[in-house]
Amino acid sequence: MNDILYVTVPCYNEEEVLPETSKRLKAKIESLIEKGMISSQSRIVFIDDGSKDKTWQLISELCNADDIFAGIKLAHNRGHQNALLAGLMTAKEYADIVISMDADLQDDIDAVDKFVEEYHKGADIVYGVRSSRKTDTAFKRSTALAYYRILQKMGVDIVYNHADYRLMSKRALEGLSKFNEVNLFLRGIVPLIGYKTATVEYERSERFAGESKYPLKKMLAFAIDGITSFSIKPIRFITGLGFIIFILSLLMLVYSVIVKIIGHADSGWASIICSIWMIGGIQLLSLGVIGEYIGKIYSETKSRPRFIIEEFIKK
Ligand code: UDP
Ligand code: MG
Numbered sequence: 000m001n002d003i004l005y006v007t008v009p010c011y012n013e014e015e016v017l018p019e020t021s022k023r024l025k026a027k028i029e030s031l032i033e034k035g036m037i038s039s040q041s042r043i044v045f046i047d048d049g050s051k052d053k054t055w056q057l058i059s060e061l062c063n064a065d066d067i068f069a070g071i072k073l074a075h076n077r078g079h080q081n082a083l084l085a086g087l088m089t090a091k092e093y094a095d096i097v098i099s100m101d102a103d104l105q106d107d108i109d110a111v112d113k114f115v116e117e118y119h120k121g122a123d124i125v126y127g128v129r130s131s132r133k134t135d136t137a138f139k140r141s142t143a144l145a146y147y148r149i150l151q152k153m154g155v156d157i158v159y160n161h162a163d164y165r166l167m168s169k170r171a172l173e174g175l176s177k178f179n180e181v182n183l184f185l186r187g188i189v190p191l192i193g194y195k196t197a198t199v200e201y202e203r204s205e206r207f208a209g210e211s212k213y214p215l216k217k218m219l220a221f222a223i224d225g226i227t228s229f230s231i232k233p234i235r236f237i238t239g240l241g242f243i244i245f246i247l248s249l250l251m252l253v254y255s256v257i258v259k260i261i262g263h264a265d266s267g268w269a270s271i272i273c274s275i276w277m278i279g280g281i282q283l284l285s286l287g288v289i290g291e292y293i294g295k296i297y298s299e300t301k302s303r304p305r306f307i308i309e310e311f312i313k314k
């Protein structure tokens, strides 16, 4: 018997792209069924992440018109990663393989064939990797590269140029379900699951319509999450910095005592002001970094649900 494939697509205010996305995905899934690569029980699952526009209305219309579509409505907006998790955790109950992708058609749908082929060759996780970043602005490209480098330095193992376009087998998803963290950074968690993996290159295009739902502020928060959820190196760094400054201050103490004894101690206003500002700045920064981690502990210990499903339509 053929494997059942579910494609999960998180949607936040995506009324502009949904009609086109659903049409193309349906054609793709039907062609795969025809080729005998997947079961006819396969589905496309749209997850409405508390959209304010007609997204859910469109999804439920699709579900009513065609059995190939299924829909999950989250009780309110929880962000891309949580919406994706809601889709994955629901789909794993029914599917043998699940592919996650964005709603805006930036991820090349034709790569799905290769994903499934790699799965049949034995991979449990297949990463979609962007072959180039031509469609990105120079700013996004350079910050993305710098960010990957920083993550690597901090010892976080992520796949370069891979976003959340990937295939996971049922048992990989079972593995994922055992990670209970509230601060989700799926890109960092998935490589921790293990199993055989493969990568498929694809060309990432422009958003089909509408605007990015990831403004700079959300992107920064996501980036900080990526570091603080997987590495304690920043805290180590602060400890190191504190140690160095402590040594320096001892040297300064010796120096100032010597100067005092020799009798050259003059007003020294500039050096005092400088050190006050610098030490103050470093302390604030350090407190901030430590605060990030404490905030994380705070939200993890409450272990609130990562998503709440209001409605689930599947025939
Ligand atoms: N998204 C979501 N909830 C949010 C923000 C975004 O489900 O709070 C979805 C969005 O609908 C899209 C995907 O996450 O399918 C990626 O978002 P987007 O394309 O806006 O991000 P970008 O490609 O610009 O990084
Ligand atoms: Mg996008």
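Letter by letter, the sequence shown follows residues 0 to 314 of numbering that gives the first Met the number 0.
Where a beta carbon is used, it is the ideal one built from N, C-alpha and C, also for glycine.
All figures in this text were calculated on a predicted structure; none of them were measured in a lab.
Just verifying my parser: in three-state terms, what is the DSSP assignment at residue i?
i    : result
E19  : helix
G70  : strand
T198 : strand
V158 : coil
E299 : helix
F45  : strand
From residue i to residue j, what does the alpha carbon distance come to, in whole angstroms?
i    : j    : result
F236 : N76  : 35 Å
T54  : S21  : 12 Å
L150 : I289 : 18 Å
E13  : Q105 : 13 Å
L191 : W268 : 53 Å
E29  : Y297 : 46 Å
I293 : L175 : 24 Å
S302 : G86  : 19 Å
F245 : L283 : 16 Å
D112 : E15  : 26 Å
Could you check whether residue j and residue i sit closer than 8 Å to each other, using their CB atoms as the reference points?
i    : j    : result
V97  : I43  : no
Y201 : A171 : no
L4   : A94  : yes
G306 : A90  : According to the sequence as given, residue 306 is Phe; it is not Gly. No, Cβ-Cβ distance for F306 and A90 is not below 8 Å.
A110 : A197 : no
F178 : Q80  : no
Y126 : H161 : yes
K25  : I108 : no
G187 : F138 : no
V155 : I226 : yes
R203 : T136 : no
I223 : L166 : no
Using C-beta distances below 8 Å, list every residue in its chain close to residue i, excluding the 5 sequence neighbours before and after it, in chain order.
i   : result
P18 : L57
To which residues of the same chain is residue i closer than 6 Å at the C-beta, ignoring the five residues directly before and after it?
i    : result
Y317 : Given a span of 0 to 314 for the chain in the structure shown, any question on residue 317 remains unanswerable.
K212 : Y11
Go through its chain and collect everything with a Cβ distance to residue i's Cβ below 7 Å, but skip five positions before and after it.
i   : result
S59 : G70, I312
Q40 : I3
Beta-carbon of residue i versus every beta-carbon of chain C: anything under 8 Å?
i    : result
Y159 : Protein chain content of the structure displayed is limited to a single chain, and chain C is not contained in it.
Beta carbon nearer than 6 Å to a non-hydrogen atom of the ligand MG
D101, D103, Q105, R206, S211
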